[in-house]
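Numbered according to full-length UniProt numbering, the sequence shown spans residues 1 to 489.
The beta-carbon is built from N, C-alpha and C at its ideal position, and this holds for glycine as well.
Data first, discussion second: the structure below is written as structure tokens.
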Amino acid sequence: MSLERFEKKKTLDLRKKHIGPSCKIFFSHDPIKIVQAKGQYMYDEKEQSYLDCINNVAHVGHCHPDVVKAGAQQMELLNTNSRFLHDNLVVYAQRLQATLPEKLSVCYFVNSGSEANDLALRLAWQYSGHKDIITLENAYHGHVSSLIDISPYKFHQLSDAEQNQFVHVAPSPDVYRGKYRADHPDPATAYADEVKDIINKVHKKGGKIAAFIAESLQSCGGQVIPPVGYFQQVAEHVRKAGGVFIADEVQVGFGRVGTHFWAFQLQGEDFVPDIVTMGKPIGNGHPMSCVVTTREVAEAFMSTGMEYFNTFGGNPVSCAIGLAVLDVIVKEDLQGNALRVGRYLTNLLEKQKEKHPLVGDIRGCGLFVGVELVRDRSKLTPATAEAQEVIYKLKQQHILLSADGPHRNVLKFKPPMCFTTDDADLVVEKMDHILTELEEALGLKLPNTVNPENECSKRKLPTDENGHQYHSGLVQSRGSSQQTKPLKT
Ligand SMILES: Cc1ncc(COP(=O)(O)O)c(C=O)c1O
């Protein structure tokens, strides 16, 4: 039986007619229609498979049978709000807590990463009695108004007048391209001192810090791994100012980094955030999320006397699904798999770096890996168009990867955690061919310098994943030129 109701063209036409035009689609010039998925594979209407290297939501594998069964069984019995007593809620909270440091013991269940971060801000404002928030360059924390305000990834597209004056942006702790690099004697302190300077400036203007918020590893920001010790120092400065540290684990939590269950733990055992937000992988595709905090922060939130009610957050079906996800991670040793396969993938990619001048940096932990493409290794000129070409050509070969970061030149790996070494071999082999072709066309050799005569002359200008043509970092769309707009995943 066909799994599609309409032919692809009709689906696309109906989508154009009824779905908001700002809801973008991957590869808009030739979109993929997916009708089924399993493990690390997605299938289109013609039953062709695509290897999924980017979907960290399908954490334990697309449509994992244990997760589907847990949800269906609970749905047959009961689904209601958390104002009734139900064991799923407390058992799940207990299980989640067991993965975290002791003092992070109080949960609020919500329905999306955005809801989790919005609630985290409310907790911080209420607990501290302060207003100002420090966020990181290129950060994305969600789509609701309060989070666009703290997401430079989005708000850099707004005018200064539209930006929230209580929000302050600290440099991204990127030791490859950022302000302080790997050759700096102590990048962790240097980046943390930037946060301290912001706090001092805010104080001088009469403001007070409510929170510092950061992803434990920046994802949309370009797969950035902060130097160890940075969070400890930032937390010290922020707490001294009366604020809290919010760790956004929406993309990177639940064992993805391999060595630890939570990415903030990469900083060391001496670092514990005041608030942790979770989302995407938590429900393996079921819309659920969570905020975990300390008893002190939760008590302060309670002190307003205002009830916190969330119709769907923590319902018995979501909790059953969340429990099943935790069970599968353990049963299938997916954290161990992330460590092993992640290391294997990173080693393969390191070899690509030795071979390909376009590969500037490989960085990652477990199955969270970034490949930064540059045209010139000394100048770090972003190879934005080339990154798009890699994505596009991989898509033609049924491999789904995406590019992100401020220059859209970082290839992001964050596949379902059942990704295998064979999958890693396949994608790296294909990348190898594509990079070789690109470098030949560009006349690029190690050490990499571009021969200007060859540049773009021997080949068609590449297009981004949505069919727009690139030229010198600008994307040409329907005759007009506009700045590249990222398509977040
Ligand atoms: C780091 C981070 N935080 C929060 C969010 C918001 O999550 P959601 O889209 O579930 O609202 C996202 C979404 O991409 C994210 O990447």
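query: In the structure shown, what three-state DSSP assignment does C365 receive?; result: strand
query: How is the alpha helix (DSSP H) around V202 delimited, first residue to last?; result: 187-204
query: Could you tell me the boundaries of the beta strand (DSSP E) in which V412 lies?; result: The sequence as given places Lys at residue 412; Val does not occur at that position. Here the beta strand (DSSP E) through K412 covers 410-413.
query: In chain order, which beta strand (DSSP E) runs of at least 3 residues are fully inside the stretch 128-177?; result: 132-136, 167-170
query: Is the beta carbon of G242 less than 8 Å from the beta carbon of K208?; result: yes
query: Does the distance from the CB of P185 to the CB of K179 come in under 8 Å?; result: no
query: At which residue ranges does the stretch 214-292 contain complete alpha helix (DSSP H) runs of 4 or more residues, listed in the order of the chain?; result: 230-240
query: Exposed or buried, what is T436 when buried is set at 16 or more other beta-carbons lying within 10 Å of its beta-carbon?; result: exposed
query: Looking at ligand 1, does it come within less than 7 Å of H59, judged from the CB to the closest heavy atom?; result: no
query: Can you find a heavy atom of ligand 1 that lies under 7 Å from the Cβ of E215?; result: yes
query: Mapping the DSSP letters down to three states, classify E47 as helix, strand or coil.; result: coil
query: For V297 versus Y127, is the C-beta distance shorter than 8 Å?; result: yes
query: Are D149 and N164 closer than 8 Å when you measure CB to CB?; result: yes
query: Please identify the residue among G443, Y140, A320, F109 whose C-alpha is closest to the C-alpha of Y308.; result: F109
query: Can you give me the C-alpha to C-alpha distance between Q335 and K395, rounded to a whole angstrom?; result: 27 Å
query: Could you tell me the alpha carbon to alpha carbon distance between G113 and L446, rounded to whole angstroms?; result: 42 Å
query: Taking L426 and V371 to be in contact with their CB atoms under 8 Å, please state how far apart those CB atoms are, rounded to whole angstroms.; result: Not confirmed; about 15 Å, so no contact.
query: May I ask whether a heavy atom of ligand 1 can be found less than 7 Å away from the beta carbon of G142?; result: yes
query: How long is the line joining the alpha carbons of F6 and M42, rounded to whole angstroms?; result: 19 Å
query: Under 8 Å between the Cβ atoms of N26 and I19?; result: Asn is not the amino acid found at residue 26; the sequence shown has Phe there. Cβ distance not < 8 Å, so F26 and I19 don't count as in contact.
query: What residue does the beta strand (DSSP E) around Q97 start on, and which one ends it?; result: Unbroken run through Q97 is the alpha helix (DSSP H), 87-97; no beta strand (DSSP E).
query: Consult DSSP for H18 and reduce its assignment to one of helix, strand or coil.; result: helix
query: Mind pulling the beta strand (DSSP E) runs of 3 or more residues that sit fully within the stretch 49-83?; result: 49-52
query: Rounded to whole angstroms, what is the Cα-Cα separation between R181 and G222?; result: 15 Å
query: Is I399 helix, strand or coil by DSSP?; result: strand
query: Please state the DSSP three-state secondary structure of P316.; result: helix
query: Please report the straight-line C-alpha distance between V325 and H286, rounded to a whole angstrom.; result: 11 Å
query: Can you tell me whether T294 is buried or exposed? The criterion is at least 16 other CB atoms within 10 Å of its CB, across all chains shown.; result: buried
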